[in-house]
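To start, the structure itself, in structure tokens.
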């Protein structure tokens, strides 16, 4: 059992009082935003990091490193880098790349510097000074970041001037067209953890307005650690595990959705399967090129 949030964390949100937090959604693109805006504070993320919240085995790491390598990028910035898990991943797969991290946590940035990574100041107001005699980045990644910030459009526009024209931008967020839509009230999907919600249509609307041309959109295959919670919720949809295992489960006398999907999960684990290709998981992956002339 995880420890409850500390008094210090709760005090960060006393200003809200009794004002209700509501979700506003775009009927055309599916983008959602909570109001009032309540982003996570530094103490909030310190608390959930201490509870082993972050998963180092992420599907998007492999996908992003492949795209970065294929683009020929040698100077890469990871925004919201935390302790540098993705930077470590890149270092192994793109030897010789000049890797930088940005995070609001100054202590984490000091740790990155000690391990040989470049860093940007944790205050964006100092970016111009830090980049004055430095080349722009060939690629910028924002993995599971935009859904946490108070103003994602302004946040994006803060970092785009650091990306060379033609450079690669990679963004991942939870995909609210996927199974996660069944868990909209989960504590991980509401403020102060997530302040916005994203879909493919959201990105197709956002990116061109900011000088970005969409290169590709991909969806995480459902990972093994989410089968027990996600599969029962999508079992009645036309996904291949249902088509294969549901008739078998019924012939064995299994009645409930939980029993039938549970039998499938057990069989697939026994077969060494870890990802359900073709069954959407948690994450949407977007890669785009920056086209605007920065002169």
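Numbering (our numbering), first residue to last: 1 to 295.
By construction, the Cβ of each residue, glycine as well, lies at the ideal position given by its N, Cα and C atoms.
Note that this is a predicted model, so its numbers are computed, not measured.
Could you have a look at residue i and say whether DSSP puts it in helix, strand or coil?
| i | result |
| --- | --- |
| residue 119 | strand |
| residue 245 | helix |
| residue 258 | helix |
| residue 105 | coil |
| residue 153 | helix |
| residue 67 | helix |
| residue 141 | strand |
| residue 212 | strand |
| residue 191 | coil |
| residue 82 | coil |
| residue 224 | helix |
| residue 88 | helix |
| residue 199 | coil |
Alpha carbon to alpha carbon, how far is residue i from residue j?
| i | j | result |
| --- | --- | --- |
| residue 189 | residue 144 | 12 Å |
| residue 76 | residue 64 | 11 Å |
| residue 196 | residue 62 | 25 Å |
| residue 217 | residue 226 | 21 Å |
| residue 263 | residue 283 | 25 Å |
| residue 289 | residue 68 | 12 Å |
| residue 18 | residue 131 | 43 Å |
| residue 183 | residue 160 | 32 Å |
| residue 82 | residue 105 | 8 Å |
| residue 194 | residue 37 | 10 Å |
| residue 171 | residue 242 | 31 Å |
| residue 252 | residue 267 | 14 Å |
| residue 127 | residue 148 | 21 Å |
When we look at the beta-carbon of residue i and count the other beta-carbons within 10 Å, is it buried (16 or more) or exposed?
| i | result |
| --- | --- |
| residue 281 | buried |
| residue 255 | exposed |
| residue 271 | exposed |
| residue 58 | buried |
| residue 53 | For residue 53, the predicted model reports a pLDDT of 48, less than 50, meaning its position is unreliable; a value from the coordinates is still stated below. Exposed. |
| residue 278 | exposed |
| residue 235 | buried |
| residue 102 | buried |
| residue 191 | buried |
| residue 96 | exposed |
| residue 246 | buried |
| residue 249 | buried |
| residue 198 | buried |
Residue j and residue i - do their beta-carbons sit closer together than 8 Å?
| i | j | result |
| --- | --- | --- |
| residue 150 | residue 168 | no |
| residue 146 | residue 137 | no |
| residue 60 | residue 220 | yes |
| residue 117 | residue 72 | no |
| residue 233 | residue 269 | no |
| residue 119 | residue 100 | yes |
| residue 122 | residue 109 | yes |
- prompt: Does the stretch 19-33 come close enough to the stretch 175-195 to have 3 or more Cβ pairs within less than 8 Å?
  reply: For the pair of segments examined, the stretch 19-33 was found to touch the stretch 175-195: the number of CB pairs separated by less than 8 Å reaches three.
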